[in-house]
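S.K.:
Numbering (the numbering used here), first residue to last: 2 to 446.
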């Protein structure tokens, strides 16, 4: 089975794997109060962009300041292509296994109950950390807009309340219009930032095509573009609510094309006008009025992305609890009460982590290394190897496809490397922060 081929199950083959008889995670019935499979591929693309590109572009100019324009651009383009390929492997796996709703379900297919719980827990943890990251971005934007006129804890609390409200719709179809708004805000904010940088170039700025770096500095820089593409953990959940799951690859093409082009243009333009002093997030390197404009426009995007992350954490647990029951498809008191509670807990935990743990921003890097490295890259290789082995003829099928087999093994190895190296860099950052006295106390403004 090549990466571009999907198995068809209209006529079950003898000795076929049990997964060939799986039913879709969501049952379509016009009698249901709540219809899940309503998303078009266009709106899935918008939701993917809203979730992934949200904070991704803001850290990329600083990567150019560490390794230079040429290596950073090569990495951005390579990771875009790499992300597109792993997207294809994930999508094919989902189409081969319609009952897979999230990474936990995929773990069940790969290795049984242990891997189901491991990957499900990882998804929830990463989604909550993603929510917390967006809460901090929202707080930072509000602090800039208010000239630090209000305690940051109150700002995070306000932003958390708004995030909770936006996460409440039960289906992603009811959130789809937010994707369009979010992508529009991303484009306008990036344009404003580039114009602001262009009209206010830093005098005497240093710009280099390539900069020699040691391993720690280099990998610290490349973690920004690596994790800027880290959003595949939501793919199964998004595809599960598509009207035509077969069109999911169109959404992936839009996501990777949009993100790669925007990342490349934004990071280069900002770096060219600000130079080696560019910070992360890049908006803070702009003059105050331009920073306020960029952050003000991005505020809605941070809010929407945070709601998508918290919605994802809640949806995974909700589907696990009520799959196949009336609470899933009808307006019941129990169903809505549990759903609202799950959304609240997702945001509340993210809020507590963001304000109670002074090193939370560093822990986000560790979470990304531990989970995003696998969900975006490494696991895709396992998915292809599993389906080729179990659905195409065992070891014989793998031997017939030596190139793809070797490539998927390399993908797994790359996921492991990013996981280990990313965790090492994040832990060293925490140690350096404590050594330099940069860590504040919990629950402080």
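Every residue, glycine too, gets a C-beta built ideally from N, C-alpha and C.
Can you tell me the Cα-Cα spacing of residue 404 and residue 396, whole angstroms?
M.R.: In the chain shown, counting from the first residue as 1, residue 404 sits at position 403. In the chain shown, counting from the first residue as 1, residue 396 sits at position 395. Rounded to the nearest angstrom, the two C-alpha atoms are 14 Å apart.
S.K.: In angstroms, rounded to a whole number, what distance separates the CA positions of residue 175 and residue 374?
M.R.: As a position in the chain shown, residue 175 is number 174, starting the count at 1. As a position in the chain shown, residue 374 is number 373, starting the count at 1. Cα-Cα distance, rounded: 30 Å.
S.K.: Ignore the nearest five residues each way along the sequence and tell me which others in residue 193's own chain have a CB closer than 8 Å to its CB.
M.R.: Taking the first residue of the chain shown as position 1, residue 193 is located at position 192. If we look at residue 193 and ignore the five residues flanking it on each side, its Cβ neighbours are 291, 294, 295 and 298.
S.K.: Please determine if the stretch 66-79 and the stretch 185-205 are in contact, where contact requires at least 3 C-beta pairs separated by less than 8 Å.
M.R.: Output reads no: the stretch 185-205 does not touch the stretch 66-79.
S.K.: Where in the stretch 361-389 do unbroken runs of the alpha helix (DSSP H), each at least 4 residues long, occur, reported from the N-terminal end onward?
M.R.: The qualifying runs are 361-368.
S.K.: Let me know the secondary structure DSSP gives residue 221 once reduced to three states.
M.R.: Translated into positions along the chain shown, residue 221 becomes position 220. Three-state result, residue 221: helix.
S.K.: Which same chain residues end up closer than 6 Å to residue 199 when comparing Cβ atoms and leaving out the 5 residues on each side of it in sequence?
M.R.: Sequence index remark: in the chain shown, residue 199 carries index 198 (1-based). For residue 199, where only same-chain residues beyond five positions count, the Cβ hits under 6 Å are 274.
S.K.: Roughly how many angstroms separate the alpha carbons of residue 417 and residue 426, rounded to a whole number?
M.R.: Residue numbering aside, residue 417 sits at position 416 when the chain shown is read from its first letter. Residue numbering aside, residue 426 sits at position 425 when the chain shown is read from its first letter. Near 14 Å, if we compare the C-alpha coordinates of residue 426 and residue 417.
S.K.: Just checking my contact of residue 121 with residue 105 at CB under 8 Å: how many whole Å lie between their CB atoms?
M.R.: Here residue 121 refers to the residue found at position 120 of the chain shown. Here residue 105 refers to the residue found at position 104 of the chain shown. That belief holds up - the Cβ atoms of residue 121 and residue 105 are roughly 3 Å apart, short of 8 Å.
S.K.: Enumerate in chain order the residues of its own chain whose CB-to-CB distance from residue 186 is below 6 Å, with the five nearest sequence positions on each side excluded.
M.R.: Translated into positions along the chain shown, residue 186 becomes position 185. For residue 186, where only same-chain residues beyond five positions count, the Cβ hits under 6 Å are 298, 301 and 302.
S.K.: Distance check for residue 392 and residue 415, CA to CA, integer angstroms please.
M.R.: Translated into the one-based positions of the chain shown, residue 415 becomes position 414. Translated into the one-based positions of the chain shown, residue 392 becomes position 391. Straight-line Cα distance between these residues: approximately 25 Å.
S.K.: Expressed to the nearest angstrom, what Euclidean distance is found between the alpha-carbon atoms of residue 437 and residue 356?
M.R.: Numbered from 1 along the chain shown, position 436 holds the residue referred to as residue 437. Numbered from 1 along the chain shown, position 355 holds the residue referred to as residue 356. In a straight line, the C-alpha of residue 437 is about 21 Å away from that of residue 356.
S.K.: On the CB-based measure, 16 or more other CB atoms within 10 Å of its CB, does residue 178 come out buried or exposed?
M.R.: Reading the chain shown from its first residue, position 177 is the one you call residue 178. When all chains shown are included, residue 178 counts as exposed.
S.K.: Sorted by chain position, which residues of the same chain lie with C-beta nearer than 6 Å to residue 80's C-beta, five sequence neighbours on each side aside?
M.R.: Counted from its first residue, the chain shown places residue 80 at position 79. Same-chain partners within the cutoff: 226 and 230.
S.K.: To the nearest angstrom, report how far apart residue 135 and residue 398 are at their CA atoms.
M.R.: As a working mapping, residue 135 is identified with position 134 in the chain shown. As a working mapping, residue 398 is identified with position 397 in the chain shown. Distance between the alpha carbons of residue 135 and residue 398 is about 44 Å.
S.K.: Is the stretch 230-241 in contact with the stretch 48-64, if contact means three or more CB pairs nearer than 8 Å?
M.R.: Result yes; three or more Cβ-Cβ pairs closer than 8 Å.
S.K.: Just to confirm the assignment, what range does the alpha helix (DSSP H) spanning residue 132 have?
M.R.: As a position in the chain shown, residue 132 is number 131, starting the count at 1. 114-146 is the span of the alpha helix (DSSP H), which, as asked, contains residue 132.
S.K.: Looking at the unbroken alpha helix (DSSP H) that takes in residue 266, where does it start and where does it end?
M.R.: Here residue 266 refers to the residue found at position 265 of the chain shown. First-last of the alpha helix (DSSP H) with residue 266: 249-275.
S.K.: Once you ignore the five residues that flank residue 63 on each side, which residues in its own chain have a CB closer than 8 Å to its CB?
M.R.: Taking the first residue of the chain shown as 1, we reach residue 63 at position 62. 222, 225, 279, 280, 281 and 283, listed in sequence order.
S.K.: Looking only at its chain, what residues have a beta carbon closer than 7 Å to the beta carbon of residue 41, apart from the 5 residues adjacent to it on each side?
M.R.: Position 40 of the chain shown, counted from the first residue, corresponds to residue 41. Only 244 meet the Cβ criterion.
S.K.: Does the beta-carbon of residue 103 have 16 or more other beta-carbons within 10 angstroms, so that it is buried, or is it exposed?
M.R.: Within the chain shown, numbered from 1, the residue matching residue 103 stands at position 102. Counting Cβ neighbours within 10 Å, residue 103 comes out buried, since at least 16 surround it.
S.K.: Could you check the C-alpha separation between residue 39 and residue 240 for me, to the nearest Å?
M.R.: In the chain shown, counting from the first residue as 1, residue 39 sits at position 38. In the chain shown, counting from the first residue as 1, residue 240 sits at position 239. So the alpha carbons of these two residues sit roughly 10 Å apart.
S.K.: Quick one: what's got a C-beta closer than 7 Å to residue 173's C-beta in the same chain, skipping five residues either side?
M.R.: Against the chain shown, residue 173 aligns to sequence position 172. These residues qualify, in order along the chain: 40, 48, 239 and 242.
S.K.: Just verifying my parser: in three-state terms, what is the DSSP assignment at residue 40?
M.R.: As a working note, residue 40 is residue 39 in the chain shown. Residue 40 falls in the strand class under three-state DSSP.
S.K.: Should residue 325 be labelled buried (16 or more other beta-carbon atoms within 10 Å of its own) or exposed?
M.R.: Here residue 325 refers to the residue found at position 324 when the chain shown is read from its first residue. The residue in question, residue 325, is exposed, as its Cβ has fewer than 16 Cβ neighbours within 10 Å.
S.K.: Relative to the alpha-carbon of residue 337, which residue among 154, 169, 142 and 139 has its alpha-carbon at the smallest distance?
M.R.: Taking the first residue of the chain shown as position 1, residue 337 is located at position 336. The candidate whose alpha carbon is nearest that of residue 337 is 169.
S.K.: Under a Cβ-count criterion, where at least 16 other Cβ atoms within 10 Å of its own Cβ denotes burial, should residue 1 be classed as buried or exposed?
M.R.: Because residue 1 is not part of the residues shown, which for the chain are 2 to 446, the question remains open.
S.K.: Please classify residue 152 as buried or exposed, where buried requires at least 16 other C-beta atoms within 10 Å of its C-beta.
M.R.: Within the chain shown, residue 152 is the residue found at index 151, counting from 1. By the 10 Å Cβ count, residue 152 comes out exposed.
S.K.: Suppose you measure from the CA of residue 424 to the CA of residue 304; what does that come to, to the nearest Å?
M.R.: Along the chain shown, one-based indexing puts residue 424 at 423. Along the chain shown, one-based indexing puts residue 304 at 303. Their backbone Cα atoms lie some 27 Å apart in a straight line.
S.K.: What's the C-alpha gap between residue 237 and residue 144?
M.R.: Counting from 1 along the chain shown, the entry for residue 237 is found at position 236. Counting from 1 along the chain shown, the entry for residue 144 is found at position 143. Answer to the nearest angstrom: the Cα atoms are 35 Å apart.
S.K.: Classify residue 57 as buried or exposed, calling it buried when 16 or more other Cβ atoms lie within 10 Å of its own Cβ.
M.R.: One-based indexing of the chain shown puts residue 57 at position 56. Result: buried.
S.K.: Identify which residue in 407, 380 and 263 has its Cα closest to the Cα of residue 60.
M.R.: Counting from one through the chain shown, the residue named residue 60 turns up at place 59. Ranking the options by Cα distance to residue 60, first place goes to 263.
S.K.: Comparing C-alpha positions only, which one of 411, 402, 99 and 181 sits nearest to residue 1?
M.R.: Here the chain covers residues 2 to 446 and nothing more, so residue 1 does not appear.
S.K.: Measure the C-alpha to C-alpha separation of residue 428 and residue 366 and round it to an integer number of angstroms.
M.R.: For the purposes of this step, residue 428 is taken as residue 427 along the chain shown, with counting starting at 1. For the purposes of this step, residue 366 is taken as residue 365 along the chain shown, with counting starting at 1. About 9 Å.
S.K.: Given residue 16, which residues of its chain have a CB within under 6 Å of its CB, disregarding the five upstream and five downstream residues?
M.R.: Here residue 16 refers to the residue found at position 15 when the chain shown is read from its first residue. For residue 16, the pLDDT reaches just 33, beneath the cut-off of 50, and the residue's location in the model is therefore unreliable, leaving the point undetermined.
S.K.: Could you name each continuous alpha helix (DSSP H) segment of 4 residues or more that falls completely within the stretch 58-83, going from the start of the chain to the end?
M.R.: Counting whole runs of 4 or more residues, the stretch 58-83 contains the alpha helix (DSSP H) stretches 61-68.
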